[in-house]
Each structure stands twice: as structure tokens, then as C-alpha cells.
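Visitor:
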Amino acid sequence: MARIAPTAQIDAVIMAEQNSTVHNYAVTQKERKSTSPASLPIPPEIIRMIAGFLPENYAASLTLCSSSMKELLGDQCLKAMKNPPTQTFYFLPKVDYKFVALLARDLPQHFACFDCARINPIRRIKWPNNTKDHLGCVECVRRRGRAYSPKFLSSFEIYFPQVYLATKQHRSGIDIGFPLEAFRHVEIKYNRRTRRTTLISADARFAAKELLLRSQTWILLPRSQKDRIVEELARHQMLIKFCRHSESESLGVIVSELVRSKLSHTPTFQCSCCWTDFVVRLKHCGERGIAVIITRWIDLGAGLDPENSKWHYHIRRRKGQRHKYCPVDIQKAFEDQEGLSMDELTSGNQMKLFWETKNQMSIWGSDSLA
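Using my numbering, you'd call the opening residue of the sequence shown number 4 and step up by one each time.
1) Per the contact definition of three or more C-beta pairs closer than 8 Å, is the stretch 184-193 in contact with the stretch 251-267?
2) Is the Cβ-Cβ distance between Ile296 and Val258 less than 8 Å?
3) Alpha carbon to alpha carbon, how far is Phe272 from Val282?
4) Just to confirm the assignment, what range does the beta strand (DSSP E) spanning His287 have?
5) So, helix, strand or coil for Arg247, using DSSP?
6) Would you call the CB atoms of Ala120 and Tyr100 closer than 8 Å?
7) Taking the alpha carbon of Ala205 as the point to measure from, which residue in Pro153, Ala211 and Gly55 has its own alpha carbon closest?
8) Taking the alpha carbon of Trp221 as the reference point, which residue from Arg199, Arg208 and Ala210 has its own alpha carbon closest?
9) According to DSSP, simplified to helix, strand and coil, what is Phe181?
10) Please report the distance separating the alpha-carbon of Ala336 from that of Pro225.
11) Would you call the CB atoms of Leu110 and Val166 closer than 8 Å?
12) Going straight from the alpha carbon of Gly304 to that of Ala210, what length do you get?
13) Does the beta carbon of Leu254 sit closer than 8 Å to a beta carbon anywhere in chain B?
14) Curious, which full-length beta strand (DSSP E) runs of at least 3 residues does the stretch 294-366 contain?
15) On a CA-only basis, which of Ser71, Ala169 and Tyr61 is nearest Pro47? Give me that one, please.
16) Mark Gly306 as exposed unless 16 or more other C-beta atoms lie within 10 angstroms of its C-beta, in which case mark it buried.
17) Indicate the three-state DSSP secondary structure (helix, strand or coil) for Val257 in the structure shown.
18) Between the alpha carbons of Ser312 and Ser157, how many angstroms are there, rounded?
19) Give me the DSSP bridge partner(s) of Pro124.
20) Three-state secondary structure (DSSP) at Ser152?
21) Assuming contact is defined by CB atoms lying nearer than 8 Å, are Lys355 and Ile243 in contact in what I supplied?
22) Compute the distance between the beta-carbons of His113 and Ala107, then report whether it is under 8 Å.
23) Spatial neighbours of Thr298 within its chain, please: C-beta separation below 6 Å, excluding the five flanking residues on both sides.
24) Looking only at its chain, what residues have a beta carbon closer than 6 Å to the beta carbon of Asp280, apart from the 5 residues adjacent to it on each side?
25) Can you tell me which of Gln340, Ile318 and Ser227 puts its alpha carbon nearest to the alpha carbon of Ala294?
26) Do Arg291 and Leu223 count as a contact pair if the criterion is CB distance below 8 Å?
27) Indicate the three-state DSSP secondary structure (helix, strand or coil) for Ala62 in the structure shown.
28) Can you say whether Cys116 is buried or exposed, counting buried as having 16 or more other CB atoms within 10 angstroms of its CB?
29) Please classify Gln79: is it buried, with 16 or more other beta-carbons within 10 angstroms of its beta-carbon, or exposed?
30) Quick one: what's Lys192 bridged to in DSSP?
This is the structure in C-alpha cells:
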């Protein structure tokens, strides 16, 4: 029995310590739930003074960090959440975007929307070729004119949130579901009325922390239209513009000059308003007809601000001032990065286009393409 006594004493001590630990934990949890401003380690007067010196966005963020802080500071520091002053034609978001962006920093799977100034889950933002289903933000869907597309009525549309998320993943190195693969796209359409087959492809790369897009458009005209290629392009001029700043007849003028001078392609042109470089090429495709190939290289910017000129002037008709900036060869910047070369891209698109043309001939008959 003498040997058992010490063990019993030890067990009793352990049980007492466990009970004490459980009690202390319960008290701590209770204190945490009922923490009052008076129990904060810093005097309330000092906290109010600190909040008073902070910018409005940071003061509002401090107020919302805990219920006790909200109780202490009240609504006086929530100016960033108030509606902007009423002015004529003053249609700003109801909440300051910078404040929302500050809150979103601690939410890696969310982002602050530039259009509605709300925090949205990243998973709601679809890839550019899937925007018709759901973009994730009601305001972005309403403002359809704020998208960039390489061709009118194309299913491939790029909105700023997609550029923002892709560049964010590139900068942070954290996979948030927006790799460069999101900007790869190929679509082929055959117009039975005009007997014309059109292919659009797109791929993207990063250069100097900016998102660059390469888009190639093929317009395959059948043999019967080969001798009046300029007239055929002019008839459908609204569908084929190099950028928002090019004139409707620009492509027809360039193709006419190529035909007259018997050249196969143009030099690289640069829009003086937006960050778009492009080349036009003519390719004779034998019995299939003749193809007009337009290749563009577009600098979409660093994805930090939708008002940045490199993004802004791609979606606005208003003329930019690219000529005032340091000259940049977007084509070279893109092609210098790892990936498909220009020749490989063109060859691959030609195979896809010819395969689709062959299928259309089998469906509609050779007379429809002759």
C-alpha cells in the first residue's frame, strides 16, 4: 500500500491541474467574447488618437477589425463607407474602392471589384472565353462596353478583373486559378451567306510584369472572290478593325496596296493611340482561295488600375497618347518570351482552318465554297 500512495497523490495533482486548465480556458474564452474597450491593453484615448491620425481607409479598417474596436470608435471613422457627396452627374461607387481593396488584402481567394467596389470570390470570375455564362460581378456584366475583344461579336472577351487576377497570380506566384492558359482561345466560323471562313486565335505571355496578348485572325475567301478581295473586305468592313482607333476602311486600303505592289505582308504597324502592333499578310491557299491574315500584339498593362492608359485606351474610342511614351516594340517583347513562335502559330492555325473548310465542303457541297 505504501507504494500505491505516491501514485495516487500524483494522479490527484494531475487531475487538479487539468481541472484548473479547463477552468482557465473557459474563463479566457468568456473574457474574449465579452472583451470591452476598457480591457484593451491600450487606453481608449490613445486608440482614438491613433485612429484620428490615420487616413480614412485605414481608420475604417481598424474600426472593423473587432467588435470591441467598433464599440470603442463607433461610426466616426467609417467615412470611407459613406456615400459620396451628392453632385450633378456624380456616379461613383457607394463605397471607396481603396477601402475595399484594403480589406481584400487579407482574403487571398477574393478580390475587390473596380466597378462595384465590393469584395467578390475569385472563383466567380470565369475565363475570357466563358464570360457569357457568368462573369461574377453584376456591374461588370452590365458594362459590356468595358471588354476587349480581338473581333466584333467574338465569344472571346477580356474584362479588367481577368487581367487583374492573371497579373496578381504572376506577381505573387500563388495559384489562384488564372494562369496564362485562361487567355488561350481558338474559334472558327463559317458564314454560308458570304461563303467566308474566319478563324480567331489568342494566346498570352508576360513581359516586364505586363500581360501581352497575341491575336491572329484568318479570313479565307473562296476562289470566286479572289479577284475582288478588296471589295469583299469593304463589304464586311465593320467586323475587321485592327483596334478601336483604326478606320473601317483601313484593312481594305492595306490589302489593296499589297495586291498592287505584289507583296505578301506589311511591315509591323503601331497604333499611335493604344498599345497595339499589327501585321497584315496575304496567303494564297490554292483551290481553297486566298487568306487575309491579321496578327496583333496587344499590351494589356500590369493589371493594377483599370484607368491605366495601357488598358483604358483598348476599350475606349477616345484617342490615347502612346506616342508620348517611351517607344515599345510589343511584337518583339512578346516573341522573345518562351512559347509558340510566329511561324508555328501560323502553321497550326492554317491546319485548323483547312480542316474546318474541308468539313464545310462535305456538309454544304463543293459548290458552296467555289
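All C-beta atoms, glycine included, are put in the ideal place defined by N, C-alpha and C.
Guide: In short:
1) Segment contact: the stretch 251-267 against the stretch 184-193, fewer than three CB-CB distances shorter than 8 Å; contact not assigned.
2) It is not a contact, given that the beta carbons lie outside the stated cut-off.
3) Cα-Cα distance, rounded: 6 Å.
4) For His287, the enclosing beta strand (DSSP E) stretches over residues Thr279 to His287.
5) Coil, per DSSP.
6) Yes; because the gap between Cβ atoms is below 8 Å, this pair is in contact.
7) Comparing Cα positions, the closest option is Pro153.
8) For Trp221, the closest C-alpha among the options Arg199, Arg208 and Ala210 is that of Arg199.
9) DSSP places Phe181 in coil when its eight states are reduced to three.
10) Rounded to whole angstroms, the separation of the alpha carbons of Pro225 and Ala336 is 35 Å.
11) Going by C-beta atoms, Leu110 is not nearer than 8 Å to Val166.
12) Distance between the alpha carbons of Gly304 and Ala210 is about 10 Å.
13) Absence of chain B from the displayed structure is noted, only one protein chain being present.
14) Counting only runs of 3 or more, we get nothing.
15) Closest option to Pro47, Cα to Cα, is Ser71.
16) Counting C-beta atoms within 10 angstroms of its own C-beta, Gly306 has 16 or more neighbours from the protein chains shown and is therefore classed as buried.
17) What sits at residue 257 in the sequence shown is Ile, not Val. Note: Ile257 maps to helix in three-state DSSP.
18) When the Cα atoms are used, Ser312 and Ser157 turn out to be separated by approximately 24 Å.
19) Pro124 is bridged by DSSP to His113.
20) It is coil, neither helix nor strand.
21) With contacts defined as CB atoms closer than 8 Å, Lys355 and Ile243 fail to qualify as a contacting pair.
22) Yes, the pair counts as a contact, with Cβ atoms nearer than the cut-off.
23) Excluding residues within five positions, the ones whose Cβ falls inside 6 Å are Gln219 and Val282.
24) So the list reads Thr271, Gln273, Trp300, Ile333 and Gln334, once near-sequence residues are dropped.
25) Nearest neighbour of Ala294 by Cα position, chosen from Gln340, Ile318 and Ser227, turns out to be Ser227.
26) It is a contact, given that the beta carbons lie within the stated cut-off.
27) In this structure, Ala62 counts as helix in the three-state DSSP scheme.
28) Flag for Cys116 reads buried.
29) Exposed, by the Cβ-count rule.
30) Beta-bridge pairing links Lys192 to Thr201.
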